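The structure appears below as structure tokens.
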Amino acid sequence: MDDMPPLVDQHSHGAVHGDLGLGGFERHLAAAAGSTGPAPPGTSFFDSRTGLAVRRWCPPLLGLEPFCSPVRYLARRRELGAYGAGRLLLRGAGIGTFLLESGERSGLTSAAELASAAGGRAHEVVRLEALAEQIADTSGSAESFTAWTAEAVQGAAGSALAFASGVQACDGAPPGPAEVRRAAGRRLAGRRPGTPLTDPVLARHLLWSAVTTGLPVQLHCSDPQRLTGFLRATEGMGTDLVLLPDPWHHRQAARLAAAFPHVYADVGTRPGETLCEAPFGKLLFSTGARALAELYVVAARSFARAMSRLMAEWHADGWCGRGEAERIVSLVAAGTARRVYRLDAAVA
């Protein structure tokens, strides 16, 4: 739809700083395509749905024709420089506001750097596990770890827009203090700095701590059904929860968003499926982009085209008028995110 508002991207990780050769670019493209290894000999990840989308939508933003060869595209990218190419790509994506997950030791752009390059706004979403990892690196005891974690969560709530958690299962009650201390002791015993936090007890403790701040919490759970007890228990606490599941669980997430008033869900790559499962004001757009500025462009264009096709179909079938179609698109593209994440207040 030509009149789609500037998108609010509720979840991404930022872009790489430096120039990329063919091998480096393909490694990031492989990760985006869901691969954990290199392409088989004689093949390329440019020959994937994601790679094809990059070749369709990104070259024109850098002054090239669509579907130019990968070698030519990357040569143009290097000619412009990492910042210059990233700036053109991000500003051409149609995204006005970015919610950037922080805390990774990744070397990717910060929220401020992304906002500058994109000519838009960017806000920090604090990953709880990364926050706890930083505290564990300086904690000498289980007691200090638990005390400093509580202080850090409350402190982060003063500047962050939201929290994010990777907990994969959580029931209807937080773990008790003794259980948390034992888990913290296990965590600190013999650990090396920078070791990822994987203890499920500590993950649940962090999640419940974040809920008490009142900030929205993103739940990155592969199967959101495993969080049903937690969703039920947190109803009425004043904290909005946003489900960002694995791609094949978006419909389940939409059903949970429909079931609980404080739960929202990522719209996913097939909005025709999720919009049939949840009220339109319960679904939000995201790119999930990491490392490549091109992935912001691809996700935004794919979303715009999918929504445009869906609304045209609904209008042709008599399900909605043009004005209603525009309103639905506006909600999913930006309106619901502005409300859930209180973006207007954050800007003010």
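Each step along the sequence shown adds one to the number in full-length UniProt numbering, with nothing skipped, and position 151 is 151.
For glycine and all other residues, C-beta sits at the position ideal for the given N, C-alpha and C.
The model shown is predicted, which means the values in this text are computed figures rather than measured ones.
Closest residue to residue i among the options (Cα-Cα distance)
i	options	result
residue 240	229, 263 and 226	263
residue 256	237, 272, 219 and 270	219
residue 278	287, 266 and 72	266
residue 70	294, 341 and 333	294
residue 139	207, 169, 188 and 11	188
residue 6	113, 109 and 118	118
residue 268	33, 253 and 47	253
residue 338	43, 121 and 48	121
residue 280	336, 23 and 201	336
Close-in-space but distant-in-sequence residues of the same chain around residue i (CB under 7 Å, 5 per side omitted)
i	result
residue 171	229 and 230
residue 329	1, 4, 307 and 311
residue 156	126 and 131
residue 211	217, 234, 237 and 239
residue 59	65, 66, 68 and 73
residue 346	123 and 161
Length of the line joining the Cα atoms of residue i and residue j
i	j	result
residue 331	residue 215	21 Å
residue 15	residue 27	14 Å
residue 302	residue 142	47 Å
residue 261	residue 238	10 Å
residue 57	residue 291	17 Å
residue 185	residue 35	36 Å
residue 373	residue 183	A question about residue 373 goes unanswered here, because the residues of the chain that appear run from 1 up to 348.
residue 134	residue 128	10 Å
residue 37	residue 322	45 Å
residue 223	residue 245	6 Å
residue 85	residue 18	11 Å
residue 83	residue 334	26 Å
residue 178	residue 153	20 Å
residue 275	residue 296	22 Å
residue 351	residue 13	Given that the chain is displayed from residue 1 to residue 348, the structure contains no residue 351 and the question cannot be resolved.
residue 318	residue 326	15 Å
residue 111	residue 284	20 Å
residue 272	residue 148	45 Å
residue 393	residue 199	Residue numbering for the chain in the displayed model covers 1 to 348; residue 393 lies beyond these limits and cannot be assessed.
residue 158	residue 151	11 Å
residue 316	residue 146	57 Å
residue 78	residue 341	36 Å
residue 115	residue 343	15 Å
residue 63	residue 80	10 Å
residue 195	residue 136	9 Å
Beta-carbon contacts of residue i that lie in its chain and below 6 Å, excluding the five residues immediately before and after
i	result
residue 320	314
residue 92	61
residue 30	45
residue 205	175 and 180
residue 9	95, 98, 286 and 287
residue 48	33
Any non-hydrogen atom of the ligand FAD closer than 6 Å to residue i Cβ
i	result
residue 179	What this structure holds is no ligand at all, so the ligand FAD is not there to describe.
Integer-rounded CB distance, given that residue j should sit under 8 Å from residue i
i	j	result
residue 299	residue 289	6 Å
residue 242	residue 207	The Cβ separation is near 13 Å, so there is no contact.
residue 226	residue 169	4 Å
residue 74	residue 25	6 Å
residue 32	residue 50	5 Å
residue 259	residue 282	Not really, about 10 Å apart at Cβ, beyond 8 Å.
residue 113	residue 11	Between residue 11 and residue 113 the Cβ distance is about 17 Å, and since that is not below 8 Å, they are no contact.
Contacting residues, own chain, Cβ-Cβ under 8 Å from residue i (five flanking each side not counted)
i	result
residue 107	16 and 17
What alpha helix (DSSP H) runs, 4 residues minimum, are completely inside the region 269-298? Here the runs fully enclosed are 271-274.
Unbroken beta strand (DSSP E) runs of length 3 or more, entirely within the region 201-231: which are they? 217-219, all fully within the region 201-231.
Report the start-end ranges of each alpha helix (DSSP H) in the region 75-109 that is 4 residues or longer and not cut off at the edges. 82-91
Which ranges does the alpha helix (DSSP H) cover as unbroken runs of at least 4 residues, wholly within the region 3-64, from first to last along the chain? 22-32 and 49-57
Minimum length 4: unbroken alpha helix (DSSP H) runs contained in the region 232-264: Within the region 232-264, the runs of alpha helix (DSSP H) at least 4 residues long that lie entirely inside it are, in chain order, 250-259.
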